[in-house]
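K.L.:
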Amino acid sequence: MSLDQLQQWILEIPPITRTYMIGAFLTTAACALDLVSPFSLYFSPTLIFLKFQFWRLITNFFFFGGSFSLDFLFHMFFLVRYSKQLEENAFRGKTADFFYFILYGATMMSILAPFMSLYFLGSSLTFMMVYLWGRRNPYSRMNFLGLFPFTAPYLPWVLLSFSVVLGNNGTVDILGIFVGHLYYFLEDVYPRMINSRYRVLKTPQFLEHLFASDDTMDGIIPDDDDDDDDDPMQ
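Using the working numbering, the final residue of the sequence shown is 238, and nothing's skipped along the way.
(1) From the DSSP secondary-structure annotation, give me the bridge partner or partners of R196.
(2) So which of Y158, G69, W161 and I20 has the shortest CA-CA distance to F29?
(3) List the endpoints of the continuous beta strand (DSSP E) containing T155.
(4) Can you tell me whether DSSP reads F148 as helix, strand or coil?
(5) For L116 versus L179, is the C-beta distance shorter than 9 Å?
(6) Who are the Cβ neighbours of I52 in its own chain at under 8 Å, not counting the five residues just before and after it?
(7) Buried or exposed for Y114, going by 16 or more other Cβ atoms inside 10 Å?
(8) Less than 6 Å between C-beta atoms, sequence neighbours within five positions excluded: which residues of the same chain meet that for Y86?
(9) In the DSSP assignment, the alpha helix (DSSP H) including W59 goes from what residue to what residue?
(10) For F239 versus V176, is the C-beta spacing smaller than 9 Å?
(11) Is the beta carbon of L100 sitting closer than 9 Å to the one on L190?
(12) With a 10 Å radius around its C-beta and 16 neighbouring C-beta atoms as the bar for buried, classify I198 as buried or exposed.
(13) Would you please state the rounded distance, in angstroms, between the beta carbons of F124 and F67? I believe it to be under 8 Å.
(14) T207 by DSSP, collapsed to three states: which one?
(15) To the nearest angstrom, report how far apart D235 and Q12 are at their CA atoms.
(16) Contact between the segment 92 to 106 and the segment 200 to 211 is defined here as three or more beta-carbon pairs at a separation below 8 Å; is this criterion met?
(17) Just how far apart, CA to CA, sit D8 and E16?
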């Protein structure tokens, strides 16, 4: 892939996903080059609220390892793939809603992380996106490593099981699934239960104004219908 092709590929990624991807890449590069220490990035309520190191509220979500390892590539693949599909389909023309979805997830995870002894929440945020994508594409058929087929809602559970089999701590991924399910319930299930269009997690108006130019760019019109194209996972 040439430099021009790489640039074109990056520009084709929708803005929120592109910003997160670039931030994660730059954070990993800074750690790999010893320009930044992971100890200055991790989530710590004590350091945030007593030492006023407020950047930790954000930086812990961009850390996926101190090097460009296989684990980093694994997370980047799922981050870009499913965040991109959410932003282009389920949140098409609703950039403010997608940003608020991520803000909601980051806030909930920051509240719960101290009780679970978690310090880096990027993986949790990725799992939250994968969970919501699976729920909003229930008929998309997939397969894991070509071994067995399943439908999209089972994807986060398949990935969690695979991670645990490899000896990883699944707590951080379970947090992402929980927060993603709570969002799905409040946005998609609860309004149907009460037969109302009322939204518990309605996007604040100032965010809608902030992202209005992105939603109208290139003639994009908000669309409430999700695309349920097949998305096989090889």
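Heads up, the beta-carbon is just placed ideally off N, CA and C, and yes, glycines get one too.
P.N.:
Taking the geometry as given:
(1) R196 pairs with nothing; no bridge assigned.
(2) G69
(3) F152 to T155
(4) strand
(5) yes
(6) F58, R60 and L61
(7) Per the sequence shown, residue 114 should be read as Ser rather than Tyr. S114 comes out buried.
(8) M133, V134 and W137
(9) It is not in any alpha helix (DSSP H) - W59 carries neither H nor E in the DSSP assignment.
(10) Summary: the structure shown does not reach residue 239, with the chain confined to residues 5 through 238, and so no result is reported for it.
(11) Looking at the sequence itself, residue 100 is Ala, so the reference to Leu does not match. No.
(12) exposed
(13) 5 Å
(14) coil
(15) Low confidence applies to D235: its pLDDT is 48, below 50, so where it sits in the model is not reliable enough to give any reading.
(16) yes
(17) 12 Å
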